[in-house]
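Remarks on the structure that follows.
Protein chains in written order, with our numbering: chain V, 122 to 485; chain C, 122 to 485.
Below, the structure written as structure tokens:
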């Protein structure tokens, strides 16, 4: 038995131990072929079967409508901060897009997009320290925009959109990196949903794209072929050698998620897990949550200890002694962040809540 | 013991069994941390140590001079077919580059680059079916070009540059995907050497870049930040979440290569392996090599059986029965291709040569 800790890291993140054990067992010999899945051609029937199975499972688990294409892009979500404007800006006569700026990655996406057209910030959460999703004036949704972009869950601050905004005919583009398949969503609201795999879905380096097919085929002339969504959709992500290992592990994670009862079932578990931590925070005057109660993420729970960096460091070190790893908050927020994606068992969250109480008793 | 066959696939390719066994053993628990290397933050000290160790080992094994930066780019070599012109074209007043077109990937690189500036084809090997590296007129090396691009080893046809051309002050950019660290090279000849990992070095999805530092910092305005070489060099490939598993496996492969005696030692082994197959081809009137004898690759050996597709299929099927996998030639050439990268043991090549003789005896 390999040692396994509860890994609260924000990403690359914990994957289900059952998935990891399966990948380990078949690492040298995939399907009795005598070669590893990482040594298998991306054009082999066996890998095509993996990519087919991922699509079928994703469609089954998400309920995404048939008019959406599913494909993979190199470079994680961050590469798509450029590829999205490059692919969508020419949809409109005058390149323009709307950005809901509700956190660090939302801001990075907006800054990158500014290089490709005019950007209107519909909301800017910086003034409230990104602790809430600011309300906005629906008339600010300029119907001449090529798209509107938002970040579904803000990993650093631990806030999320409870409901997604109505952007009219402007396609809503959603970075769901830290949330995809953790809760049910009606994909009819969206033009594109995308996510780096390395939080809820697999290892790093690749993004899954769920794109309404009528939005494909508008790329700017200088778009690299490998960043053209239409090429990737038409070539089924095999325009060149994709990250085969990541897509294989995604398949294993999707099979595991189906065994857990699917998205509706895991969403209930995720809500229960988050409640354990938020209840602990609400019951305490020692800890303070970063996120406003109306916008609490179920994936990332960020909180502060009394204004004292040394105490946070002590918390992190003592938690590690109890096999709770990677609880350090992001540098821009400090404090503690517990990332509790689909793979985190309830036991891990309960252990953390118990530890929080004990730590407060000793140091409060 | 897992079953292992001799995998002659062109890429994603066979990796050393010792490397794969190590990766399997520590897959659930890296360094006693209780988390997998795929579950580890790219900013953790443990992953920074992996990336540092890769650089130190690569420098030691390759002998690359200190004025070169080493970094990783998303998307394999094919993504760089766009990023190279995007990063280098503005080095000169009028965007222009030179391409040595000696194979399928060389052509794809040229076609992609044409979208970013004027391209001069110094050689075009299509007329000879890419079976040789055509000679060229040194006066065709336009000294006003931003760079000159070539493919060191042509994976599909099994040809290679025995010596690299003198391009004067024009930086020579080399796609070494199927050759990097398989033979000694004097990096002083080059401006940039790059390679997708999935042939000689690791799994798919990422490229290693070895770039003379004075060439950095000239990217076109529309270059995605994640494709800007200067950003990746300065951020040590961690501008966003890199393909952590690929870089970890690269480290394991580099450590293995050092144990084999380094590049000079593996180059001798590679020459001996290739000689076994070329001797078998030269001794036969049944098989015919694709590559002209003056340009024979030591990495990919492509050959035809008598004009008969059914016979090639029979060859591939019978070889598989003897645990020799993925010998099918690329669709544009047909026939047989044996990819014999660093990881392929001499025994695998000898088994193939023996099989070739026996197959000829039965079917010749």
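No residue lacks a Cβ here, since even glycine has one placed at the ideal position from N, Cα and C. Predicted, not measured: the structure shown is a model, and the values here were computed from it.
Identity of the residues DSSP links to residue i by a beta bridge
i, result
"residue 141 (chain C)", "Answer is none; residue 141 (chain C) lacks a bridge partner."
"residue 220 (chain C)", "C:242, C:270"
"residue 422 (chain C)", "C:459"
"residue 314 (chain V)", "V:295, V:331"
"residue 174 (chain C)", "The partner list for residue 174 (chain C) (beta bridge, DSSP) is empty, contrary to what the question assumes."
"residue 192 (chain C)", "C:330"
"residue 344 (chain V)", "DSSP, once it has assigned bridges, lists no residue as partnering residue 344 (chain V)."
"residue 281 (chain V)", "V:274"
"residue 127 (chain V)", "V:445"
"residue 410 (chain C)", "C:424"
"residue 417 (chain V)", "V:280"
Neighbour-count burial assignment, residue i, 16 or more Cβ in a 10 Å radius
i, result
"residue 319 (chain C)", "buried"
"residue 389 (chain V)", "exposed"
"residue 150 (chain C)", "buried"
"residue 474 (chain V)", "buried"
"residue 187 (chain C)", "exposed"
"residue 429 (chain V)", "exposed"
"residue 250 (chain V)", "exposed"
"residue 256 (chain C)", "exposed"
"residue 334 (chain C)", "exposed"
"residue 164 (chain C)", "exposed"
"residue 482 (chain V)", "exposed"
"residue 283 (chain C)", "exposed"
"residue 468 (chain C)", "exposed"
"residue 453 (chain V)", "exposed"
"residue 124 (chain C)", "exposed"
Beta strand (DSSP E) segment containing residue i, residue limits
i, result
"residue 401 (chain V)", "No beta strand (DSSP E) holds residue 401 (chain V); the alpha helix (DSSP H) holding it covers 383–403."
"residue 350 (chain V)", "Here residue 350 (chain V) belongs to no beta strand (DSSP E); instead the alpha helix (DSSP H) covers 350–355."
Sub-8 Å separation of residue i and residue j beta-carbons
i, j, result
"residue 462 (chain C)", "residue 303 (chain C)", "yes"
"residue 273 (chain V)", "residue 294 (chain V)", "no"
"residue 329 (chain V)", "residue 191 (chain V)", "yes"
"residue 459 (chain C)", "residue 411 (chain C)", "no"
"residue 267 (chain V)", "residue 345 (chain V)", "no"
"residue 200 (chain C)", "residue 343 (chain V)", "no"
"residue 271 (chain V)", "residue 221 (chain V)", "yes"
"residue 141 (chain C)", "residue 148 (chain V)", "yes"
"residue 253 (chain C)", "residue 476 (chain C)", "no"
"residue 484 (chain C)", "residue 160 (chain V)", "no"
"residue 202 (chain V)", "residue 247 (chain V)", "no"
"residue 280 (chain V)", "residue 409 (chain V)", "no"
"residue 360 (chain C)", "residue 341 (chain C)", "no"
"residue 446 (chain C)", "residue 130 (chain C)", "yes"
"residue 317 (chain C)", "residue 298 (chain C)", "yes"
"residue 377 (chain C)", "residue 139 (chain C)", "yes"
"residue 276 (chain C)", "residue 226 (chain C)", "yes"
"residue 263 (chain C)", "residue 241 (chain C)", "yes"
"residue 137 (chain V)", "residue 362 (chain C)", "no"
"residue 470 (chain V)", "residue 398 (chain V)", "yes"
"residue 349 (chain C)", "residue 198 (chain C)", "no"
"residue 193 (chain C)", "residue 327 (chain C)", "yes"
"residue 402 (chain V)", "residue 424 (chain V)", "yes"
"residue 456 (chain V)", "residue 431 (chain V)", "no"
"residue 480 (chain V)", "residue 158 (chain V)", "no"
"residue 260 (chain C)", "residue 384 (chain C)", "no"
Start-to-end residues for the alpha helix (DSSP H) that takes in residue i
i, result
"residue 476 (chain V)", "467–484"
"residue 373 (chain V)", "365–380"
"residue 228 (chain C)", "225–234"
"residue 321 (chain V)", "Taken as a continuous stretch (DSSP letters only), residue 321 (chain V) belongs to no alpha helix (DSSP H), as it is neither H nor E."
"residue 442 (chain V)", "430–442"
"residue 205 (chain V)", "197–209"
Any non-hydrogen atom of the ligand ZN closer than 7 Å to residue i Cβ
i, result
"residue 210 (chain C)", "The ligand ZN is not among the ligands present in this structure, which contains no ligands whatsoever."
For the 8 Å Cβ check, are there 3 or more pairs between the region 298–314 of chain C and the region 438–446 of chain C?
Fewer than three pairs of CB atoms, one per stretch, sit closer than 8 Å, so the region 298–314 of chain C makes no contact with the region 438–446 of chain C.
Three CB pairs or more closer than 8 Å across the region 365–378 of chain V and the region 175–187 of chain V:
Because the criterion of three Cβ pairs below 8 Å is met, the region 365–378 of chain V and the region 175–187 of chain V touch.
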